[in-house]
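These notes are about the structure you will find just below.
2 protein chains.
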Amino acid sequence: MALIVQKYGGTSVGDLDRIRSVAHRVSKIYSAGNDVVVVLSAMAGVTDGLIQLARTITNDPKKQELDVLLATGEQTTVSLFCIMLESMGYPSKSLLGYQAEIVTDRAFGHARILDIKANRIKDLISKRKIVAVAGFQGRDAKGNITTLGRGGSDTSAVALAAALKADVCEIYTDVDGVYTTDPNICKRARKLDRISYDEMLEMASLGAKILQIRAVEFAKKFNVPIHVRSSFNEEEGTMVVEEDKDMERLVVSGISYSKDDARITLAGVPDRPGIASLIFTSISEAGIVVDMIIQNTRKSGLTDLTFTVPKNDYQTAMSIQKEIAHAIGAEEVLGDEHIAKVSVIGVGMRSHSGVAAKMFSTLANENINIMMISTSEIKISCVIEEKYTELAVRVLHNAFGLHEA
Amino acid sequence: MALIVQKYGGTSVGDLDRIRSVAHRVSKIYSAGNDVVVVLSAMAGVTDGLIQLARTITNDPKKQELDVLLATGEQTTVSLFCIMLESMGYPSKSLLGYQAEIVTDRAFGHARILDIKANRIKDLISKRKIVAVAGFQGRDAKGNITTLGRGGSDTSAVALAAALKADVCEIYTDVDGVYTTDPNICKRARKLDRISYDEMLEMASLGAKILQIRAVEFAKKFNVPIHVRSSFNEEEGTMVVEEDKDMERLVVSGISYSKDDARITLAGVPDRPGIASLIFTSISEAGIVVDMIIQNTRKSGLTDLTFTVPKNDYQTAMSIQKEIAHAIGAEEVLGDEHIAKVSVIGVGMRSHSGVAAKMFSTLANENINIMMISTSEIKISCVIEEKYTELAVRVLHNAFGLHEA
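Those sequence lines, one after another, are chains C and Y.
Sequential numbering of the first sequence, starting at -3, is according to my numbering.
Sequential numbering of the second sequence, starting at -3, is according to my numbering.
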């Protein structure tokens, strides 16, 4: 018999009927003799509603107190869930973040887990209780409530699975698993049986919003097998696991895309030492994360610097750059919000050449202009005009034969 | 400058506007140089809503998990309150029951406070923070969340005031203070400036629903001065304090009433030893609290036993008594749900005779029949027909001159 950590997201516990159906699923696995630790999110919409409520008071609610407010969301779910299980005759116990001894740093709103002392959970499991842990939350060293940021329940689940040395961490969501690309865009998209942590990291960070990045990082670090699957059916989903030899046979495992970035170009920058540092320090001090950066030096000795930032930070970044351009005597600042990033991902690239060439020629065949390129060991990303996103995903999916099992 | 504990009830924090107005009130007292610890209830209606939600799942939700659910109510209020204070520029910190180190027994749903280690609060106060403590909640020795039962925030506030040796515990509510009787029934009812703990205990237990009984008991035990006042105006309310000589001049300080009880009579009970024990043991084992008991022995050697129980428990108590009547061969079981208890309360009764006589004659003058009588050192209660309640309150209020200051 196994020790299974399961995590159910907001839509999976969206109302009492859904919570009942989760309780049935959990009770079946428990009755088969397994130990089950369930990590639950807030019911769909609850966290957003609470943020809205706080914003009615002030645009900038104190983060530490906002965390206290948001933590009520998962607290509600775990207590309702245990009331449900108990009414069905299954012994259970809810634990909030601090009760599950999930210790984080003090970065309220996006805290990182430092340590989990899973003694209390182990004790409850040994008494054959189903343990329901409030996801997304922890406590700092002083006992203040912290939250882990969007999608934090995934990280709670993986971290608990690591601490408990669970056999598997099942992430239940509203999709069947990880697909070769977005099935809404590409009908030939195929569900993957397995994917490596590294590939999943690239998929997640590039817009396949199935698993929080930090959860995958955690899983990779502690080698926790993750099973991404749907809470709406009984189908097997996708295993996210350590890279194995099987995987290497597949050169490319997925096509991902993101429309979340905007592009900024500082044109005609005097090519002096320290200029790039000046530009990116100011952006980083504003808390803005730069993704891709390209620098072209013109014959004249002037440089064009292009980089991408999250669309949400576009206006801020633009006004910072205009000030800097003025200060350093750059020619002009150009911006473009209508871009998309399309990426080809696969661990097999490490040992196969020609992936980049195939990607560029496939896009060229459709007259899709490539504005920026960035590469890593296991992915190649191209920035293109936003309007070509869906077309690019489909032709790349086809070119790399991803519809074939 | 003083250390003041203030408690605001559900209607006082019923929406964001009300919370803002509480924040203004608190900030004024703080700015005058006082240290302020604020105990908050859940927003009006929230606790009932959560109980309803749990009851949608099962009629008998597991108490321990229900406490986890209900605790979100006060958690929401204190975090919103601190977000409000911080947005107004006042340093504050919310503390949940366990963070305020309010340790209780394990009686989930109606836990009793065993201990408060107020170190964290003292530390925050010394840093000139306004501390907002979630009322109604604590933790047991193992760290499980507990709640203190209806009106439990009053007890939280008084217990904190005792632990902190506060100068006063202000209980803010939707009434101006403690009246000589219910102003809705008797227009001549007068607000009392002071009342003793013992009188307040009798008032509270008899239906003047202003302060939780346990809060008054706690205040009496630790000699915490309570100031009951309205959060809707700036008027002084009523001080609930230790009995002093001044009070003794007033023979009667209030008339209280309750329509919450029903009466049960076992008629023609064989007068054998052990019969009364049999009757009341079965009632008590069903968790029903008996209030008044009267026994009349008839010439025949048979006994009539009459007692009152809460109206909520009336049906259960009746069916238990019918079984018992059958078993012991009593003649019949009679029940009456249409009764009321009217009480005259005053510490001055201890040294003044004639209060009972005056009460009985006043009721007799109005042809109000007295069905049962019970007395204590500082109160006399009569059970009468429910329809005469208001009349009885008015004539007694008048007879004892309570409209005169």
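A virtual CB, placed ideally from N, CA and C, is assigned to each residue, including glycine.
Candidates the options, of which the one nearest residue i by Cα
i, options, result
"Y/Ile417", "Y/Tyr4, Y/Val154, Y/Asp240", "Any question about residue 417 of chain Y goes unanswered here, given that chain Y covers just -3 to 401."
"Y/Asn9", "Y/Gly131, Y/Thr277, Y/Ala158, Y/Tyr94", "A quick correction: the sequence has Val, not Asn, at residue 9 of chain Y. Of the candidates Y/Gly131, Y/Thr277, Y/Ala158, Y/Tyr94, the one whose C-alpha sits nearest the C-alpha of Y/Val9 is Y/Gly131."
"Y/Gly29", "Y/Gly397, Y/Gln291, Y/Ile126, Y/Arg190", "Y/Ile126"
"C/Lys383", "C/Asp56, C/Phe214, C/Lys255, C/Lys216", "C/Lys255"
"Y/Glu166", "Y/Ala326, Y/Ile366, Y/Leu36", "Y/Leu36"
"Y/Ile251", "Y/Ser339, Y/Tyr168, Y/Ile206, Y/Ala200", "Y/Ser339"
"Y/Leu156", "Y/Leu246, Y/Arg116, Y/Met355, Y/Gly344", "Y/Arg116"
"C/Thr234", "C/Tyr193, C/Ile260, C/His20", "C/Tyr193"
"Y/Gly331", "Y/Met314, Y/Val343, Y/Thr169, Y/Leu12", "Y/Met314"
"Y/Gln311", "Y/Ala323, Y/Gly85, Y/Ile279, Y/His322", "Y/Ile279"
"C/Lys354", "C/Glu333, C/His334, C/Lys138, C/Ser377", "C/Ser377"
"Y/Glu373", "Y/Lys205, Y/Thr304, Y/Ile341", "Y/Ile341"
"C/Thr302", "C/Glu319, C/Val265, C/Lys295, C/Glu281", "C/Val265"
"Y/Pro148", "Y/Lys138, Y/Asp163, Y/Val129, Y/Thr358", "The question names Pro, but residue 148 of chain Y in the sequence shown is Gly. The residue with the shortest Cα to Cα distance from Y/Gly148 is Y/Val129."
"C/Asn361", "C/Ser347, C/Ala282, C/Leu387", "C/Leu387"
"C/Thr371", "C/Asn365, C/Ala352, C/Thr385", "C/Ala352"
"C/Ile53", "Y/Asp63, Y/Leu46, Y/Ile79", "Y/Ile79"
"C/Arg190", "C/Ser83, C/Glu232, C/Ala107, C/Ile320", "C/Glu232"
Per DSSP, the bridge partner or partners of residue i
i, result
"C/Thr100", "C/Ile109"
"C/Gly134", "C/Thr142"
"Y/Ala155", "Per DSSP, none; premise fails for Y/Ala155."
"C/Ser254", "C/Lys337"
"Y/Leu81", "Beta-bridge pairing links Y/Leu81 to no other residue."
"C/Arg390", "C/Arg390 pairs with nothing; no bridge assigned."
"Y/Thr262", "Looking at the sequence shown, residue 262 of chain Y is not Thr but Leu. Beta-bridge pairing links Y/Leu262 to Y/Leu301, Y/Val329."
"Y/Val33", "Y/Val1, Y/Val127"
"C/Tyr175", "C/Lys187"
"Y/Val237", "Y/Ser192"
"C/Leu91", "C/Val129"
Spatial distance of residue i from residue j (CA atoms)
i, j, result
"C/Ala40", "C/Arg186", "27 Å"
"C/Glu213", "C/Glu239", "14 Å"
"Y/Ile181", "Y/Ala395", "15 Å"
"Y/Arg21", "Y/Ile121", "18 Å"
"Y/Tyr404", "Y/Ala19", "A query on residue 404 of chain Y cannot be resolved here, the shown segment of chain Y reaching from -3 to 401 and no further."
"Y/Tyr26", "Y/Val33", "10 Å"
"Y/Asp287", "Y/Lys118", "42 Å"
"C/Val285", "C/Met(-3)", "45 Å"
"C/Thr358", "C/His322", "40 Å"
"C/Arg403", "Y/Arg184", "Residue 403 of chain C is absent from the model: chain C starts at -3 and stops at 401."
"Y/Thr385", "Y/Pro87", "50 Å"
"C/Asn55", "Y/Phe77", "15 Å"
"C/Asp267", "C/Thr299", "6 Å"
"C/Lys337", "C/Ser249", "17 Å"
"Y/Lys89", "Y/Glu82", "9 Å"
"Y/Val99", "C/Ala96", "19 Å"
Environment of residue i [buried if 16+ CB atoms lie within 10 Å]
i, result
"C/Lys375", "buried"
"Y/Phe218", "exposed"
"Y/Asn308", "exposed"
"C/Ile0", "buried"
"C/Ala159", "buried"
"Y/Leu207", "buried"
"C/Ser349", "exposed"
"C/Asn229", "exposed"
"Y/Pro57", "buried"
"Y/Lys113", "exposed"
"C/Met367", "buried"
"Y/Thr293", "exposed"
"C/Ile109", "buried"
"Y/Gln317", "buried"
"Y/His211", "For clarity, residue 211 of chain Y is Ala in the given sequence; the question names His instead. Y/Ala211 should be labelled buried."
"Y/Val6", "As written in the sequence, residue 6 of chain Y is Gly, which differs from the Val given in the question. Result: buried."
"C/Asp11", "exposed"
Rounded Cβ spacing between residue i and residue j (contact assumed at less than 8 Å)
i, j, result
"C/Val174", "C/Leu197", "With 8 Å as the limit, C/Val174 and C/Leu197 do not qualify as a contact, their Cβ atoms being about 12 Å apart."
"C/Asp178", "C/Val391", "About 14 Å; that fails the 8 Å criterion."
"Y/Val247", "Y/Met345", "6 Å"
"Y/Ser75", "C/Leu65", "4 Å"
"Y/Gly134", "Y/Gly93", "4 Å"
"Y/Thr143", "Y/Ala67", "6 Å"
"C/Ala326", "C/Ala263", "7 Å"
The ligand GTP heavy atom lying under 6 Å from the CB of residue i
i, result
"C/Lys187", "The ligand GTP is absent from the structure shown, which contains no ligands of any kind."
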